[in-house]
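Chemist: Pasting in a structure now, in structure tokens, and then I'll have a few things to ask.
Number of protein chains: 2
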Amino acid sequence: MKTLQELQSIITKSVEKLYFPNEPAQLYEPITYIMGLGGKRMRPALLLMACDLFNGDLEAAIPPALAIEVFHNFTLMHDDIMDNAPLRRGKATVHSKWNQNVGILSGDVMLVEAYKLIMRVPENLLATTLSVFNQTAVGVCEGQQFDMDFETRTNVTIEEYLNMIRLKTAVLLGGALKIGALLGGAKNGDADKLYSFGENLGIAFQLQDDILDVYGDPDKFGKQVGGDIISNKKTFLLLKATELADMTIQKELNYWLQLSEFDSVEKVSAITRIYNQLGIRTQAEIKMQEFADKAFNALDKIDTPEANKQYLRNFADGLLVREH
Amino acid sequence: MKTLQELQSIITKSVEKLYFPNEPAQLYEPITYIMGLGGKRMRPALLLMACDLFNGDLEAAIPPALAIEVFHNFTLMHDDIMDNAPLRRGKATVHSKWNQNVGILSGDVMLVEAYKLIMRVPENLLATTLSVFNQTAVGVCEGQQFDMDFETRTNVTIEEYLNMIRLKTAVLLGGALKIGALLGGAKNGDADKLYSFGENLGIAFQLQDDILDVYGDPDKFGKQVGGDIISNKKTFLLLKATELADMTIQKELNYWLQLSEFDSVEKVSAITRIYNQLGIRTQAEIKMQEFADKAFNALDKIDTPEANKQYLRNFADGLLVREH
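From first to last, the protein sequence lines are chains A and B.
In this text, residue positions in the first sequence follow the working numbering: the first is 2, and each later residue adds one.
In this text, residue positions in the second sequence follow the working numbering: the first is 2, and each later residue adds one.
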């Protein structure tokens, strides 16, 4: 099987060759711009990897892999507007470089472009592939909406949170893997198992992200450590702390959550202290391991050579320990 | 063939039966809301009409007809954000009733829902139908971007304007008719001719709208008469006037275009006077007739019973004289 780097490099080269019309410039330039901001191209690489797992034709899997990457970047373009984010990967976001209307409309056409790319799968797989893609796309939108809803809700449960990250982050990994598997010639059952591998791995990965936000090495973690704490983000850690806290601790937690002006360092260390007191890190690691196990179990049951499965296991291991 | 009213009523009933999940409510309620605002359901009715023209199965044409209507309403939801419009059909727009983020995300999921509906065509027509739908969707986005670009550009040509209205308005009529024809079992050549009928009819219709904005009967015209003049909208009439005006008239035109504060009635009557002086109404009617002729010529060449074609001719006639 090809290495992850090889797959990523196939994607990078194919992204560079993506063609969009010159006019209207404000519609198409933002697409080339956001696609050119880089990133690890993990989702399309996973699609190729899944195809490779079943010895499929990688060349034929490139257009749907690009569809996944274009779709992902469409969601980033619109999410950045919704989040009022000035920067993306250190560069100006589309709506701040151009304007908001450009961000909306250019994103819209990107979604259509993603469908145009998906359509380039072999015709006998078109209906199945589209159906996976539609379901994935709906899921991602639902996840984003739940995420926004949670910002103003006070009674979010852990179950709801896990469902939100499943939709917002994990179904796209699952969808990419499933489409790749189908293109590679996997049986439906195996494609579903690979979907389950991706979905559970995605949830585990997001839980790890929640943990790293608090306990990550500031030099290795890509974002500001404590960012979730500062913004009162309802992560697994905060929700679990609320669940386990007695009245005294809950009062202290609420004190920090309700402060509108505070010293960031002080708030991060106060809430981290509460987490430590309640053993939240272990709880999160247990939950993360639970989803990782589900992912590995699904993988074990797939009918493909052991060496290929080992390759995906190594990939997943690499993902789940990335920046501890 | 079924009457337009019968087709519209099929659509209205089918729209009422469209099902969306309950949760997340802020994602799906706006879809039901905007779809429930009504409208003439002209685009999906045209799709059914095209299917009927070739004696196709109308039942099978309902899902793609709904796809066209959902797509159209998705563009309205996002256009209303971009245009900062508080009202749509006399009711609050989605972004003003909820908020802007709801309008963006709910619109996004509507586009995916439109694809889900399109997918319900018979599998042997899936690739062709999707390809027409994609091309249509891209065209509509391009048209909207050109329209926004023109607001700040000073050198828009009539050719560019005609291309903009073709993309923004006419390709969706053409696309709806073409998909309906394909579902009805039309030969590809006939489906293309019906596309051409729809596209040219759409341009003629928009030119008529430009004329009615100035010369329409205020009691019959749905919008404020003179609205285009008040907002300096670069319609065919204004662009033609700029083309034909001598220096004196151009100076007078510019005077009114550059005024930031003015009496609306006075501005409308001053610019209408200029139009009259230059014979702009006749020019616009000639251009409109040119596109109507193209539409009818395309229709004439279609291989289907004369009575069916007469039905479409009557429909087009009705459309083009609606509110004179």
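Quick reminder that beta carbons are idealized off the backbone N, C-alpha and C, glycines included.
1) Of the residues A:Thr130, A:Glu143, A:Pro219, which one's Cα is nearest the Cα of Ala177 (chain A)?
2) Can at least three beta-carbon pairs, one atom from the region 276–291 of chain B and one from the region 194–213 of chain B, be found at a separation below 8 Å?
3) Is Leu195 (chain A) closer than 8 Å to Lys179 (chain A) when the C-beta atoms are compared?
4) Any residues in the region 131–145 of chain B with a beta carbon nearer than 8 Å to a beta carbon of chain A? Which ones, in chain order?
5) Can you tell me whether Lys169 (chain A) is buried or exposed? The criterion is at least 16 other CB atoms within 10 Å of its CB, across all chains shown.
6) Assuming contact is defined by CB atoms lying nearer than 8 Å, are Ala271 (chain B) and Ala296 (chain B) in contact in what I supplied?
7) Please identify the residue among A:Ala51, A:Tyr276, A:Glu24 whose C-alpha is closest to the C-alpha of Asp247 (chain A).
8) Would you say the region 13–31 of chain B touches the region 53–71 of chain B, given that touching needs at least three Cβ pairs under 8 Å?
9) If Gly227 (chain B) and Asp214 (chain B) are in contact, beta carbons under 8 Å, what's the gap, nearest whole angstrom?
10) For Gly108 (chain A) versus Phe75 (chain A), is the C-beta distance shorter than 8 Å?
11) Does the distance from the C-beta atom of Val157 (chain B) to that of Lys252 (chain B) stay below 8 Å?
12) List the residues of chain B that Met2 (chain A) touches, going by C-beta distances under 9 Å, in chain order.
13) Please find out if some non-hydrogen atom of the ligand GDP comes closer than 7 Å to the beta-carbon of Thr153 (chain A).
14) Closer than 8 Å by beta-carbon distance: list the chain A residues that pair up with His79 (chain B), in chain order.
15) Could you tell me whether the Cβ atoms of Ile212 (chain A) and Lys268 (chain A) are closer together than 8 Å?
16) By DSSP's criteria, Leu88 (chain A) is part of a beta bridge. Which residues make up the other side?
17) At the 8 Å Cβ level, is Asn201 (chain A) part of the contact set with chain B, yes or no?
18) When the Cα of Leu28 (chain A) is compared with those of A:Val141, A:Trp99, A:Pro45, A:Gln136, which residue comes out closest?
19) Pull up the CB-CB distance for Ile35 (chain A) and Met78 (chain A), whole angstroms please, since I reckon it's below 8 Å.
20) Would Leu245 (chain A) pass as a contact of Leu300 (chain A) if the rule is Cβ separation under 8 Å?
21) Whose C-beta lies closer than 7 Å to the C-beta of Lys3 (chain A) among residues of the same chain, with five residues either side of it excluded?
22) So the alpha helix (DSSP H) Gly175 (chain B) belongs to, where does it begin and stop?
23) Counting contacts by CB-CB distance shorter than 8 Å, is Lys117 (chain B) in contact with chain A?
24) Which chain B residues are close to Val113 (chain A), counting only those with a beta carbon under 8 Å from its beta carbon?
25) Could you give the first and the last residue of the continuous alpha helix (DSSP H) run that contains Arg282 (chain A)?
26) What would DSSP say about Ser232 (chain A), mapped onto helix, strand or coil?
27) Please name the residue in B:Ala138, B:Phe263, B:Glu160 whose C-alpha comes closest to that of Asn233 (chain B).
28) List the whole-angstrom C-beta distance separating Gly37 (chain A) from Gly186 (chain A), where the pair is believed to meet the contact cut-off of C-beta under 8 Å.
29) Which residues of the region 2–30 of chain A have a Cβ closer than 7 Å to any Cβ of chain B? Give them in chain order.
30) Where do the N-terminal and C-terminal ends of the alpha helix (DSSP H) with Trp99 (chain A) fall, by residue?
31) Using the C-alpha atoms, what's the distance from Ile166 (chain A) back to Glu324 (chain B)?
32) If you pair each beta-carbon of the region 140–159 of chain A with each one of the region 89–106 of chain B, do three or more pairs fall below 8 Å?
33) For a contact meaning CB atoms closer than 8 Å, what does Glu262 (chain B) contact in chain A?
34) With a cut-off of 8 Å, does the C-beta of Ile69 (chain B) fall near any C-beta of chain A?
35) Using a cut-off of 9 Å between C-beta atoms, extract the partners of Met149 (chain A) located in chain B.
36) Name the residues in the region 82–99 of chain A whose C-beta lies less than 8 Å from a C-beta of chain B; which are they?
Modeler: According to the data block:
1) Stepping through the first sequence from its first residue, residue 177 (chain A) is reached at position 176. Selected option, being the one with the closest Cα: A:Thr130.
2) yes
3) For the purposes of this step, residue 179 (chain A) is identified with residue 178 of the first sequence, where counting begins at 1. For the purposes of this step, residue 195 (chain A) is identified with residue 194 of the first sequence, where counting begins at 1. Contact flag set, yes.
4) Leu131, Ser132, Asn135, Ala138, Val139, Cys142, Glu143, Gln145
5) Numbered from 1 along the first sequence, position 168 holds the residue referred to as residue 169 (chain A). Flag for Lys169 (chain A) reads buried.
6) Locating residue 271 (chain B) in the second sequence gives position 270, counting from the first residue. Locating residue 296 (chain B) in the second sequence gives position 295, counting from the first residue. Result no, Cβ atoms of Ala271 (chain B) and Ala296 (chain B) do not sit closer than 8 Å.
7) In the first sequence, the residue the question calls residue 247 (chain A) occupies position 246. Checked all of A:Ala51, A:Tyr276, A:Glu24; the closest Cα to Asp247 (chain A) is A:Tyr276.
8) yes
9) The residue labelled residue 227 (chain B) in the question sits at position 226 within the second sequence. The residue labelled residue 214 (chain B) in the question sits at position 213 within the second sequence. The pair is a contact, with the Cβ atoms about 7 Å apart (cut-off 8 Å).
10) Reading the first sequence from its first residue, position 107 is the one you call residue 108 (chain A). Reading the first sequence from its first residue, position 74 is the one you call residue 75 (chain A). Yes. Within cutoff.
11) Start at 1 with the first residue of the second sequence, and residue 157 (chain B) comes out as number 156. Start at 1 with the first residue of the second sequence, and residue 252 (chain B) comes out as number 251. The answer is no: Cβ separation not under 8 Å.
12) The residue you call residue 2 (chain A) lines up with position 1 of the first sequence. In chain order: nothing, as chain B lies at least about 31 Å away.
13) Only the bare structure without any ligand can be found here, which leaves the ligand GDP out of the picture.
14) On the second sequence, position 78 is the one that residue 79 (chain B) refers to. Simply Ile105, Leu106, Asp109.
15) Taking the first residue of the first sequence as position 1, residue 212 (chain A) is located at position 211. Taking the first residue of the first sequence as position 1, residue 268 (chain A) is located at position 267. Contact: no.
16) To locate residue 88 (chain A), count along the first sequence from 1; it is residue 87. Paired residues: A:Ala93.
17) Residue numbering aside, residue 201 (chain A) sits at position 200 when the first sequence is read from its first letter. It does not: the Cβ of Asn201 (chain A) has no partner Cβ on chain B nearer than 8 Å.
18) Start at 1 with the first residue of the first sequence, and residue 28 (chain A) comes out as number 27. Of the candidates A:Val141, A:Trp99, A:Pro45, A:Gln136, the one whose C-alpha sits nearest the C-alpha of Leu28 (chain A) is A:Trp99.
19) Position 34 of the first sequence, counting from 1, holds the residue named residue 35 (chain A). Position 77 of the first sequence, counting from 1, holds the residue named residue 78 (chain A). With 8 Å as the limit, Ile35 (chain A) and Met78 (chain A) qualify as a contact, their Cβ atoms being about 6 Å apart.
20) Locating residue 245 (chain A) in the first sequence gives position 244, counting from the first residue. Locating residue 300 (chain A) in the first sequence gives position 299, counting from the first residue. For Leu245 (chain A) and Leu300 (chain A), no; Cβs fall outside 8 Å.
21) Translated into the one-based positions of the first sequence, residue 3 (chain A) becomes position 2. Result list for Lys3 (chain A): Asp53, in chain order.
22) Counting from one through the second sequence, the residue named residue 175 (chain B) turns up at place 174. Unbroken alpha helix (DSSP H) run through Gly175 (chain B): 172–185.
23) Here residue 117 (chain B) refers to the residue found at position 116 of the second sequence. Interface residue, yes.
24) Working through the first sequence from its first residue, we reach residue 113 (chain A) at position 112. Correct list: Leu112, Asn135, Ala138, Val139, Cys142.
25) Position 281 of the first sequence, counting from 1, holds the residue named residue 282 (chain A). It spans 281–301 - the alpha helix (DSSP H) in which Arg282 (chain A) sits, taken as one unbroken run.
26) What you label residue 232 (chain A) is simply residue 231 of the first sequence in a count that begins at 1. It is coil, neither helix nor strand.
27) Here residue 233 (chain B) refers to the residue found at position 232 when the second sequence is read from its first residue. Comparing Cα positions, the closest option is B:Phe263.
28) As a first step, residue 37 (chain A) is located in the first sequence; it is residue number 36 there, counting from the start. As a first step, residue 186 (chain A) is located in the first sequence; it is residue number 185 there, counting from the start. Gly37 (chain A) to Gly186 (chain A), Cβ: 33 Å. No contact.
29) Pro25, Gln27, Leu28
30) On the first sequence, residue 99 (chain A) is found 98 positions in, with the first residue counted as 1. Neither: Trp99 (chain A) is in no alpha helix (DSSP H) and is coded neither H nor E.
31) The residue labelled residue 324 (chain B) in the question sits at position 323 within the second sequence. The residue labelled residue 166 (chain A) in the question sits at position 165 within the first sequence. With a pLDDT of only 45 at Glu324 (chain B), under 50, the local geometry of the prediction cannot be trusted, and no value is derived from it.
32) yes
33) Position 261 of the second sequence, counted from the start, is the residue given in the question as residue 262 (chain B). Within chain A, no residue comes near Glu262 (chain B); the closest Cβ sits about 26 Å away, beyond 8 Å.
34) Working through the second sequence from its first residue, we reach residue 69 (chain B) at position 68. Not an interface residue.
35) Within the first sequence, residue 149 (chain A) is the residue found at index 148, counting from 1. Near Met149 (chain A) (Cβ distances below 9 Å), the residues of chain B are Pro25, Gln27, Asn102, Val103, Leu106.
36) Ile82, Met83
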